[in-house]
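For the sequence shown, the UniProt record's numbering gives the first residue as 1, with consecutive numbering after it.
Input: a single structure, listed below in structure tokens.
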Amino acid sequence: MEGICVMATTWDMYDSFKEGEVHEEFSFEQLHQQKDLSQIMIDKTVLRTLSALSSIGLESRSSASAESESVVTIQAPDEFEHDPEELLKNEKLKQDLFIMERVIMENIFQPKLAAYRQLPILPDPDGTTNAEEEVVESLMLLDIMSPKLHPLWSFTCNLTKGRNVSCMVWNKHNVDLLAVGYGQFGYKEQRGGLICCWSLKNPMWPERIYYCDSGVTALEFSADSPNLLAAGHYDGTVAIYNIRNPENGLVLDSSNDVNKHIGPVWQLKWTEQDRNSKENEKEGTLISIAADGRIAKWTLAKGLESSDLMRIKRTGMQTSKKVTSDKEKKSEASISRQAPGMCFSFHPREASIYLAGTEEGYIHKCSCSYNEQFLETYGIHKGPVYKVAWSPFSMDIFLSCSADWSIHVWNQEVLRPVLRFSSTVTKAVHDIMWSPNIATVFGAVNEDRVEVWDLAVSTLDPVIICPANEGLSFTTILFAKNTDCILVGDSNGEIIIYQIHNMIHEEDSLLVLDGIIAATLTSQIVSDSYKDSSEDQTATATTNICETVLP
């Protein structure tokens, strides 16, 4: 018996394999016409060819088995096109698109985001755009100029166009997450509100969108539970949102509370004065101030339940010379018993001490231990106090702004302002905020412009003035964390991010601030002493003259 050796190359096996195939064409139209058939007969070699394309390392088969044909059955698919809406419901696809969108946005906004984070600007490897060169050139020009605000980008989309930016707040744990409330301030302008959570990783579209029945007037993130966002509304409702839920984040609201506010809620704050010593009971307390004259404390144990922290009574009401009837007096007294609250600010160290600004123009220093009396009252504003803010550096200094066009710097030990700044554009000052990085710097916005003040440079004029676009007005201001940028909201639903340039400041800015306050107070004391002395001398001279003329 003679042995025979045969060598077969890959191409020989491939040609032998292809010789046994019987090609049969199937069109999509034919398959759709045969939907009523339960099975379709196809050649096994065609199926084998398809499986060979999707597998690796198939075992070689003999030519006899390759040429043998048999019949297998497969079921015809009903449809060959997927519904786009069904595809978008796929969670894996959503996550992939989400990541891809962020990557694209970071590539597009890299020069501006790098400037925001104070990082080097990377060159474009494709060389198809000069955006990086434009940013670099503009920054070089700004470096040789006076202090300026350089716009980087803006948070805006079709959903926010035409809406008023009423409030902004950073997340306490994620410094890239910004919550923005949209709502009108006037009664006749009211419409549905909107809450958007914007991320620096996608400046073109918000991460979360929540629609509200009433305009949003206040927002505040919880420090203990950073996923909880408290919102105040124009109709007096206080609501809690869980931003982990992208669709319907509403968790609780005060609509069923018997002590709910009956006026617009102008400010919210999570505090810690009611913390229990046990580690498992570290829930913060939510504080709100509203136009109904109440400062309320909210607990989340069994839904949203409120109790009065303070009822703001009217102060220093002047008696009118107009003669009124007893009925009119009784009606007027019942209506004006409480002063509408506009804003508050808790002391940075003493959690039980806070300031409350009112529509009357007074600022009351209050304690959480007393709900019927004030510790002090500071009164000099001639209009509603829109914002009051403690300095994050000096524990005795705070700011206030008002509809009377003025900004005041106060020392809590003195009942009159230490420094007064009056706007030259005769517009109400809507918002103020201390810089979190420099003790002598603060920002303010009125309808026409945004101002940045540096008390170390001047106590007469702002160092930076940036006007609003024609037809728009600025509404709110917010300093960015860990960077030299500010965010300014306007009446058209846009939040503009500005980078502050050429703000040269002393290393120990707190020492400079304390020196400015001390020097100003000293000059005021000297001036008061001179005035009193002059008045005494005038009174003495007048007495002597009277005695001479009338012996």
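Built from N, CA and C at the ideal position, the CB exists for glycine as well.
Since the structure is predicted, the reported quantities are computational estimates derived from the model, not experimental observations.
Check: residue i C-beta below 8 Å from any heavy atom of the ligand NAP
{"i": "Cys401", "result": "The ligand NAP is not part of this structure, which contains no ligands at all."}
Own chain partners of residue i with C-beta closer than 6 Å, once the 5 adjacent residues on each side are dropped
{"i": "Lys112", "result": "Leu152 and Trp153"}
{"i": "Asn259", "result": "Ser306"}
{"i": "Trp453", "result": "Phe442 and Pro462"}
{"i": "Glu451", "result": "Ala444, Pro462 and Ile465"}
{"i": "Val323", "result": "The predicted position of Val323 is uncertain, since its pLDDT is 38 and thus under 50; a value taken from the coordinates is nonetheless stated next. Excluding positions up to five away in sequence, the list is empty."}
Chain-order list of residues whose beta-carbon lies under 7 Å from that of residue i (same chain, five-residue window excluded)
{"i": "Trp434", "result": "Ala389, Ser391, Pro392, Leu399 and Phe442"}
{"i": "Lys382", "result": "Gly361 and Asp404"}
{"i": "Val265", "result": "Thr217, Ala218, Gly232, His233, Gly236, Val238, Ser288 and Ala290"}
{"i": "Val409", "result": "Ile397, Leu399, Pro417, Val418 and Leu419"}
{"i": "Thr483", "result": "Tyr116, Arg117 and Gln118"}
{"i": "Met342", "result": "Trp266, Gly357, Thr358, Glu359, Pro384, Val385 and Tyr386"}
{"i": "Asp257", "result": "Leu304, Glu305 and Ser306"}
{"i": "Cys366", "result": "Met310, Tyr354, Ala356, Phe374 and Leu375"}
{"i": "Glu506", "result": "Ala456 and Val512"}
{"i": "Arg102", "result": "Lys201 and Asn202"}
{"i": "Trp11", "result": "none"}
Integer-rounded CB distance, given that residue j should sit under 8 Å from residue i
{"i": "Pro206", "j": "Lys172", "result": "Incorrect: roughly 19 Å between the Cβ atoms, too far for contact."}
{"i": "Ile464", "j": "Leu149", "result": "6 Å"}
{"i": "Cys401", "j": "Ala444", "result": "6 Å"}
{"i": "Leu252", "j": "Ile240", "result": "4 Å"}
{"i": "Asn492", "j": "Gly162", "result": "6 Å"}
{"i": "Ile495", "j": "Gly489", "result": "5 Å"}
{"i": "Leu513", "j": "Ala439", "result": "5 Å"}
{"i": "Ala296", "j": "His261", "result": "7 Å"}
Member of the options whose CA lies at the smallest distance from the CA of residue i
{"i": "Met503", "options": "Gly162, Thr285 and Pro462", "result": "Pro462"}
{"i": "Thr156", "options": "Thr520, Cys197, Arg191 and Leu300", "result": "Cys197"}
{"i": "Thr271", "options": "Glu350, Asp257, Asp292 and Ile240", "result": "Glu350"}
{"i": "Met395", "options": "Ile500, Arg117 and Leu355", "result": "Leu355"}
{"i": "Glu220", "options": "Thr377, Ile195 and Leu200", "result": "Ile195"}
{"i": "Ala114", "options": "Leu200, Cys167, Leu88 and Tyr211", "result": "Leu200"}
{"i": "Leu375", "options": "Ser254, Cys167 and Val414", "result": "Val414"}
{"i": "Leu300", "options": "Asp15, Ile262, Leu159 and Ala230", "result": "Ala230"}
{"i": "Gln373", "options": "Ile99, Arg314 and Pro123", "result": "Arg314"}
{"i": "Gln524", "options": "Phe346, Arg311, Asn411 and Pro340", "result": "Asn411"}
{"i": "Leu510", "options": "Pro436, Glu494 and Phe479", "result": "Pro436"}
{"i": "Ala428", "options": "Asn446, Gln190, Thr377 and Glu506", "result": "Asn446"}
{"i": "Leu159", "options": "Ser146, Arg208 and Pro123", "result": "Arg208"}
{"i": "Glu91", "options": "Arg191, Ala480, Leu460 and Pro246", "result": "Pro246"}
{"i": "Gln190", "options": "Asn164, Leu178 and Tyr210", "result": "Asn164"}
{"i": "Thr459", "options": "Ala519, Asp508 and Leu487", "result": "Ala519"}
{"i": "Tyr210", "options": "Asn107, Ile108 and Asn248", "result": "Asn248"}
Neighbourhood of residue i by C-beta, 8 Å cutoff - its chain only, sequence neighbours within 5 removed
{"i": "Arg449", "result": "Val425, Ile465, Cys466, Pro467, Ala468 and Phe474"}
{"i": "Met204", "result": "Met105 and Cys157"}
{"i": "Gln338", "result": "Asp292, Gly293, Arg294, Arg311, Ile312, Lys313 and Arg314"}
{"i": "Gln33", "result": "Note on Gln33: pLDDT 48, under 50, position unreliable in the model; the coordinate value appears next. There are no such residues."}
{"i": "Val175", "result": "Lys481 and Asn482"}
{"i": "Lys302", "result": "none"}
Element boundaries [alpha helix (DSSP H), containing residue i]
{"i": "Gln95", "result": "Glu91 to Ile108"}
{"i": "Leu87", "result": "Pro84 to Leu88"}
First through last residue of the beta strand (DSSP E) which encompasses residue i
{"i": "Met179", "result": "Residue identity differs from the one stated: residue 179 is Ala in this sequence, not Met. Start and end: Leu177 to Tyr182."}
{"i": "Pro151", "result": "Lys148 to Phe155"}
{"i": "Arg208", "result": "Arg208 to Cys212"}
{"i": "Met168", "result": "Val165 to Trp170"}
{"i": "Lys427", "result": "Premise fails: Lys427 is in no beta strand (DSSP E) and is neither H nor E."}
{"i": "Gly357", "result": "Ile353 to Thr358"}
{"i": "Asn242", "result": "Val238 to Asn242"}
{"i": "Asp467", "result": "Note on residue identity: the sequence assigns Pro, not Asp, to residue 467. Its beta strand (DSSP E) spans residues Ile464 to Pro467."}
{"i": "Ser402", "result": "Ile397 to Ser402"}
{"i": "Glu247", "result": "No beta strand (DSSP E) contains Glu247, which DSSP labels as neither H nor E."}
{"i": "Gly493", "result": "Premise fails: Gly493 is in no beta strand (DSSP E) and is neither H nor E."}
{"i": "His261", "result": "Looking at the DSSP string, His261 is not in any beta strand (DSSP E), and its letter there is neither H nor E."}
{"i": "Leu194", "result": "Gly193 to Ser199"}
{"i": "Val446", "result": "Going by the sequence as given, residue 446 is Asn instead of Val. Looking at the DSSP string, the run of the beta strand (DSSP E) that includes Asn446 is Val441 to Asn446."}
Short Cβ contact (9 Å threshold) for residue i with residue j
{"i": "Lys269", "j": "Leu286", "result": "yes"}
{"i": "Asp213", "j": "Gly193", "result": "yes"}
{"i": "Ile516", "j": "Leu472", "result": "no"}
{"i": "Gly181", "j": "Ser166", "result": "yes"}
{"i": "Pro340", "j": "Gly263", "result": "yes"}
{"i": "His501", "j": "Pro147", "result": "yes"}
{"i": "Ile432", "j": "Ile407", "result": "yes"}
{"i": "Ile121", "j": "Gln110", "result": "yes"}
{"i": "Leu177", "j": "Met168", "result": "no"}
{"i": "Ser255", "j": "Trp298", "result": "no"}
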